[in-house]
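Residue 85 in this note's numbering sits at position 11 of the sequence shown; the count goes up by one each step and never skips. Here is the structure we will look at, set down as structure tokens.
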Amino acid sequence: MAKLYAIVSRDSAGAAALRQARLAEHLAYVETVLDCLAVAGPLRHGDGSFAGSLVIAKAENEAAARALVEADPYYKAGVWDRIDIFAYGAVAGDWAGGKNW
Numbered sequence: 075m076a077k078l079y080a081i082v083s084r085d086s087a088g089a090a091a092l093r094q095a096r097l098a099e100h101l102a103y104v105e106t107v108l109d110c111l112a113v114a115g116p117l118r119h120g121d122g123s124f125a126g127s128l129v130i131a132k133a134e135n136e137a138a139a140r141a142l143v144e145a146d147p148y149y150k151a152g153v154w155d156r157i158d159i160f161a162y163g164a165v166a167g168d169w170a171g172g173k174n175w
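The following block contains the structure:
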């Protein structure tokens with residue numbers, strides 16, 4: 075059974091140009107793994123510039139969640155310089171269906 079993993083990817087120096095250059099490849103990849111994503115999108119600084127990405131992934135284990143990231147063209151191009159993966163439990167809020175306790 076798939077578990078949820080929060081994947082926080084922080085942009086490297088010079089990531090803005092890399093993001094733009096690889097955007098089409100990245101979006102094409104995302105379309106191939108939509109069934110593995112609960113939600114995904116960019117993180118931004120207060121000024122609107124990119125800070126990284128946040129993915130809530132559905133995966134069998136942490137290794138599978140990491141493989142999902144490492145197959146992304148953004149990862150391969152060096153857009154992110156730090157990837158943190160955490161087991162995640164959605165327990166409250168709209169997306170969790172209210173509260174789960």
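Just so you know, even glycine gets a beta-carbon here, dropped at the ideal spot from N, CA and C. None of the values given here were measured: they were computed from a predicted structure.
Take the alpha-carbon of Ala131 and the one of Tyr162: they are about 9 Å apart. Around Pro116, the same chain offers Phe124, Ser127 as residues with beta carbons nearer than 6 Å, after the five sequence neighbours per side are excluded. Contact between Asp146 and Tyr79 is ruled out by a C-beta separation of about 14 Å, above the 8 Å threshold. Contact annotation: Asp158 and Ser86 have beta-carbon atoms that are not nearer than 9 Å.
Ala151 places its beta carbon less than 9 Å from that of Leu92.
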